[in-house]
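Enquirer:
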Amino acid sequence: MLQKNQLIFFVRKLLFFLLPFYFLFGLYICLDPFKVIFNYQDYYKTRNNVDVGLNRDNVSSILAKRNLKKIDSYILGNSRSLAFRVNTWKKYLNNNSCCFHFDASGESLYGILRKLEFLSNNNADLKNVLIILDHNILSKTNSQKGHLYSISPITDGFMAGYKLQSESINSFFSFKFLKSFLKFKIKNKLDDDMKINHLVDDNIDFYVPETNEIQFHKLDSLINYNSYYTPDIVRRFYKRSNKQIFLNKILLDKQREMLLKIKNIFDHFNTNYRIIISPLYDQLSLENTDTNFLKTLFGNKYFDFSGINEFTNEFYNYYEESHYRPIIAEKILDSIYLK
C-alpha cells in the first residue's frame, strides 16, 4: 500500500504528465476550431478564405433554427446539392419565397428525414422543398461517423450532441490534424499536406449567409477562362463503360419507411416539392424496383438523372469526378419546372 509521501509524489507526477493534455484541451476550447462550442454570427468568416473544415450539418441546422420564422423554402441534400443555386431556383417559385440551403456533407437519408421532422415539429413553413438525392444518400440510414459528418443535436437530440463533441475532440487530438492546424496557425499559409482529408479547407471562396449557400467562384472563373481542366484535373475523370450499369437494390424496408415519412410530411404541409436523383459522373443507374418505388411514391414530382445521359456524358459538366456544376443544375430545374 502506498505511503502518504509516495501518493503525493505519484499525484504530482501524474499531473505533470497530464499538463500537455490540459494545455491542448484548453487550446481546443479557446480556439474552438470546428466551431461546435460557441455560437457564431458568421460561421464562414475566414482569414484569406482558408479555415478548418466545419461540420456542415451542424452549421446548416443552427442557421435554419435561427431563421426558422422567415424561411419557407429549403434545398436538402449532400454537397452536390450546392450546384442548385438559390437565385436560379427562385425563378420557378413565388417571388417572395425565402430560400435556404439545408445541406450536409456526406448527407444520409436519415439526416434528411430528421431535418424535415425538425421543421415539421417546429411548425416551419414548408412551402417549397427541393431534395437532391443519389445512391450514396439513399444507402445511408444512420448518422455518419467523423467530425465533419456527425448529425447535429438540433435535429437529432442530446446523444447526437455528445457524438459531435466527442468526434470533434478526437479529431483535434489526432497527430495529423494538430500538425496541420498548428502549422497553418503559425505560418498563416496553406500547404498541400494540410488539405488532406479536409483538415484545413480552402474550397469555400464565396458564402451567402442569408441562404447558407456556398459557391465556388474561383473554380467557375478558371473554367470561364479555359484554365481549369489541366491534364492533372482531366486524369481524375476515369473511363466508364459504354453499357448502362445498374446498381444493386438499395431501398430496403428501412429506406422505404423513411421515404414514406418524408412523403407524409409533404402531404401534411401541402408542399410544392421536387425529388431529384443527381446526374453523377459514375453513370450508375438505380435498380429498376427502386426506381419504380420512387416513381410510385412521388409520382410526377420525381426526376431521375442517374445513368448515361446528356449531362453525365461530358466531363466538363463536373468540377471533378464527384460534383457537377451549376450549369447542369440550371438545365435540370428548367426541365422539371417548365414541363
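266 is the number that my numbering gives to position 196 of the sequence shown; each next residue is one higher, with no gaps. Think of the CB as a built atom: it goes at the ideal place given N, C-alpha and C, for glycine as much as any other residue.
Can you tell me which of the three DSSP states residue 118 falls into?
Expert: The predicted model places residue 118 with a pLDDT of 48, which falls under 50 and marks its position as unreliable, so this point remains unresolved.
Enquirer: Within 10 Å of its beta-carbon, does residue 185 have 16 or more other beta-carbons around it, so buried, or fewer, so exposed?
Expert: Buried, because 16 or more other Cβ atoms sit within 10 Å of the Cβ of residue 185.
Enquirer: Pull the bridge partners of residue 200 from the DSSP assignment, please.
Expert: BP columns for residue 200 point to 145, 344.
Enquirer: Give the secondary structure of residue 276 by DSSP, where H, G and I count as helix, E and B as strand, and everything else as coil.
Expert: Strand.
Enquirer: From which residue to which residue does the alpha helix (DSSP H) around residue 407 run?
Expert: Start and end: 396-407.
Enquirer: Using only alpha-carbon positions, find the residue among 194, 148, 91 that is nearest to residue 136.
Expert: Residue 136 has its Cα closest to that of 194, out of 194, 148, 91.
Enquirer: Let's test the definition: count the other Cβ atoms within 10 Å of the Cβ of residue 343 and tell me whether it reaches 16, buried, or not, exposed.
Expert: Residue 343 should be labelled buried.
Enquirer: Identify, in the order they occur along the chain, each residue of the same chain with its Cβ nearer than 6 Å to the Cβ of residue 310, setting aside the five sequence neighbours on each side.
Expert: Cβ within range, chain order: 353.
Enquirer: Residue 167 and residue 160 - do their beta-carbons sit closer together than 8 Å?
Expert: A contact, by the Cβ cut-off of 8 Å.
Enquirer: Whole angstroms are fine: how far does the CA of residue 110 sit from the CA of residue 97?
Expert: Each residue's Cα considered, the two are about 18 Å apart.
Enquirer: Can you find the residues in the same chain that come closer than 6 Å, C-beta to C-beta, to residue 149, ignoring five residues on each side of it along the sequence?
Expert: Contacts found: 175.
Enquirer: Within the same chain, show all residues whose beta-carbon is closer than 8 Å to that of residue 320, passing over the 5 residues directly before and after it, in chain order.
Expert: Once the five neighbours on either side are set aside, the close Cβ partners of residue 320 are 205, 208, 209, 356, 357, 360.
Enquirer: Three or more C-beta pairs under 8 Å: does that hold for the region 318-338 against the region 361-369?
Expert: With the cut-off at 8 Å, the region 318-338 and the region 361-369 touch.
Enquirer: Cβ of residue 314 within 8 Å of Cβ of residue 406?
Expert: Against a cut-off of 8 Å, the Cβ pair of residue 406 and residue 314 comes out as no contact.
Enquirer: Determine, using beta carbons only, whether residue 383 and residue 395 come nearer to each other than 8 Å.
Expert: No, the Cβ-Cβ distance between residue 383 and residue 395 is not below 8 Å.
Enquirer: Measuring only from the beta carbon, is residue 248 closer than 7 Å to any heavy atom that is part of the ligand ADP?
Expert: Absence of the ligand ADP from the depicted structure is noted, as is the absence of any ligand whatsoever, leaving it without description.
Enquirer: Terminal residues of the continuous beta strand (DSSP E) containing residue 372?
Expert: That run of the beta strand (DSSP E) goes 372-374.
Enquirer: Give the range of the alpha helix (DSSP H) segment to which residue 235 is assigned.
Expert: Segment 228-242, the alpha helix (DSSP H) holding residue 235.
Enquirer: Among 345, 256, 105, which has the Cα closest to the Cα of residue 199?
Expert: Comparing Cα-Cα distances from residue 199 to each of 345, 256, 105, the minimum goes to 345.
Enquirer: Who are the near neighbours of residue 182 in its chain, counting only those whose CB is closer than 6 Å to its CB and skipping five residues on each side?
Expert: Cβ within range, chain order: 146.
Enquirer: Could you name the residues that DSSP lists as bridge partners for residue 169?
Expert: In DSSP, residue 169 forms a bridge with 143.
Enquirer: Using CA coordinates, which residue listed in 243, 374, 324 is at the minimum distance from residue 348?
Expert: Ranking 243, 374, 324 by Cα distance to residue 348 puts 374 first.
Enquirer: Report the CB separation of residue 90 from residue 242 in whole angstroms; it is logged as a contact under 8 Å.
Expert: Wrong, their Cβ atoms sit about 13 Å apart, outside the cutoff.
Enquirer: On the DSSP bridge list, what partners appear for residue 355?
Expert: DSSP lists 316 as partners of residue 355.
Enquirer: Skipping 5 residues on each side, what residues in its chain have a beta carbon closer than 7 Å to that of residue 179?
Expert: Counting only Cβ-Cβ distances below 7 Å, and skipping sequence neighbours, we find 207, 208, 210, 211, 325, 328.
Enquirer: What number of angstroms, rounded off, separates the C-alpha of residue 213 from the C-alpha of residue 236?
Expert: One C-alpha to the other measures close to 14 Å.
Enquirer: So for residue 388, helix, strand or coil by DSSP?
Expert: Residue 388 falls in the strand class under three-state DSSP.
Enquirer: Count the other CB atoms within 10 Å of the CB of residue 249; is the residue buried (16 or more) or exposed (fewer)?
Expert: Under this definition residue 249 is an exposed residue.
Enquirer: Does DSSP classify residue 285 as helix, strand or coil?
Expert: Correct three-state label for residue 285: strand.
Enquirer: Cα separation between residue 398 and residue 288?
Expert: Those two C-alpha atoms are separated by around 18 Å.
Enquirer: Kindly indicate which three-state DSSP category residue 136 falls into: helix, strand or coil?
Expert: Three-state result, residue 136: helix.
Enquirer: Let me know the secondary structure DSSP gives residue 95 once reduced to three states.
Expert: Note: residue 95 maps to helix in three-state DSSP.
Enquirer: Please name the residue, chosen from 92, 121, 93, that lies closest to residue 105 on a Cα-to-Cα basis.
Expert: That would be 121, whose Cα lies nearest to the Cα of residue 105.
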